[in-house]
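Residue numbers (my numbering): 1033 to 1351.
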């Protein structure tokens, strides 16, 4: 195993990391392109669940606006008085929407766990990237990934609890010392620590899944131990790869928000154009999702490979 974080020479270490990044993204890009056929499945799943969430609101709006001229009025401006009346008339139905949202969220995460097993399976074995292999991997690793997901919820809850505790500490310090500069500095540090902890948890969860599939491990604690060992030995390169993929998602979101803010929605054509850009953003994020898996699988495969040492052996010929 190559220990990138253990090299004594800083210049050489940077060179190795740079070469490894090029290798990882080169192989991961090819893997992503080879598996773009699964994009339609991912997009349809997102669209179907989003559609399920919009049906109740759509039905309410349709019954309220179908025989009214207000729908043309809303293309120019939003009527808050109408919204208060609409909310009051449909209060019971609207109060039930959070339960629907939670149910769809749970279903979405379970489906994503199933897809994760399929993706990691076909990425670890590029020669077996057929639909049968994808669904077989999803079925095979679903229960193991579910246990990893439940443990991840505990870690996320711990991160949120720690963040809340730090927020309370910041609030106490602000009341005690009243220094805006100190408050700003502590809040920035708190948010950075929270983001770092979330990224670390995401890394552990991702590599625990990959370790489970790569070794066909059935014991989740062993997968977590292998993931922690791998991340500890290669933390720098693992975090860099994760953040580079994350910046692509952020860049796409910022680009969409910039387009959405400057694009008026005064006509049905512009509304449809906004919807088109939304779907482009969804597709791009799905591609980045596959790229996330690909980079981590390539990195794990490359840095976890056993090194076979060759020793020269002297041969004595009989004369």
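Beta carbons: idealized from backbone N, C-alpha and C, even for Gly.
Quick caveat: nothing in here was measured; it's all calculated off a predicted structure.
Relative to the C-alpha of residue i, which candidate in the options has its C-alpha closest?
i	options	result
residue 1275	1054, 1235, 1260 and 1203	1235
residue 1201	1285, 1219 and 1126	1219
residue 1125	1146, 1086 and 1161	1086
residue 1334	1056, 1049 and 1050	1056
residue 1167	1157, 1158, 1271 and 1153	1153
residue 1226	1252, 1251 and 1188	1188
residue 1232	1283, 1264 and 1250	1264
residue 1332	1293, 1155, 1068 and 1093	1155
residue 1118	1127, 1093 and 1139	1093
residue 1066	1320, 1161 and 1129	1161
residue 1330	1270, 1127 and 1228	1270
How many angstroms separate the CA atom of residue i from the CA atom of residue j?
i	j	result
residue 1174	residue 1142	9 Å
residue 1347	residue 1059	For residue 1347, the pLDDT reaches just 48, beneath the cut-off of 50, and the residue's location in the model is therefore unreliable, although a value from the coordinates is still provided. Taking the straight line from one Cα to the other gives about 40 Å.
residue 1286	residue 1310	12 Å
residue 1163	residue 1071	12 Å
residue 1291	residue 1327	29 Å
residue 1090	residue 1114	16 Å
residue 1054	residue 1120	58 Å
residue 1281	residue 1203	32 Å
residue 1165	residue 1314	25 Å
residue 1268	residue 1050	11 Å
residue 1279	residue 1253	31 Å
residue 1301	residue 1294	15 Å
residue 1217	residue 1068	44 Å
residue 1095	residue 1320	39 Å
residue 1256	residue 1179	11 Å
residue 1186	residue 1138	16 Å
residue 1003	residue 1129	Since the first and last residues shown for the chain are 1033 and 1351, residue 1003 lies out of range.
residue 1182	residue 1073	25 Å
residue 1224	residue 1249	34 Å
residue 1052	residue 1239	18 Å
residue 1212	residue 1196	20 Å
residue 1228	residue 1288	26 Å
residue 1134	residue 1127	13 Å
residue 1061	residue 1251	31 Å
residue 1215	residue 1260	34 Å
Grab me the residues of residue i's own chain with a C-beta within less than 6 Å of its C-beta, minus the 5 sequence neighbours each way, in chain order.
i	result
residue 1198	1222
residue 1349	Residue placement at residue 1349 cannot be trusted, given a pLDDT of 49 that sits under 50; the coordinates are not used to answer.
residue 1342	The pLDDT assigned to residue 1342 is 43, lower than 50, so where the model puts this residue is not dependable, and the model offers no usable value.
residue 1184	1237
residue 1151	1325
residue 1170	1146, 1149 and 1150
residue 1140	1081
Go through its chain and collect everything with a Cβ distance to residue i's Cβ below 7 Å, but skip five positions before and after it.
i	result
residue 1230	1191
residue 1177	1145, 1148, 1149 and 1241
residue 1136	1081, 1084 and 1085
residue 1123	none
residue 1158	1063 and 1066
residue 1277	1320, 1323, 1324 and 1327
residue 1172	1149
residue 1079	none
I'd like the list of long-range same chain contacts for residue i, defined as Cβ closer than 8 Å, with 5 residues on each side in sequence excluded.
i	result
residue 1047	none
residue 1035	Low per-residue confidence applies at residue 1035: pLDDT is 49, beneath 50, and the placement is therefore not dependable, though the value from the model is reported in the following sentence. Cβ within range, chain order: 1265 and 1266.
residue 1305	1295
Could you check whether the Cβ of residue i sits closer than 8 Å to any Cβ belonging to chain B?
i	result
residue 1300	No chain B is present in this structure, which holds just one protein chain.
Since residue i contacts residue j with CB under 8 Å, what's their CB separation in whole angstroms?
i	j	result
residue 1077	residue 1323	Not really, about 18 Å apart at Cβ, beyond 8 Å.
residue 1243	residue 1266	Between residue 1266 and residue 1243 the Cβ distance is about 13 Å, and since that is not below 8 Å, they are no contact.
residue 1088	residue 1132	7 Å
residue 1312	residue 1075	Contact doesn't hold; Cβ gap of about 11 Å is too wide.
residue 1316	residue 1284	5 Å
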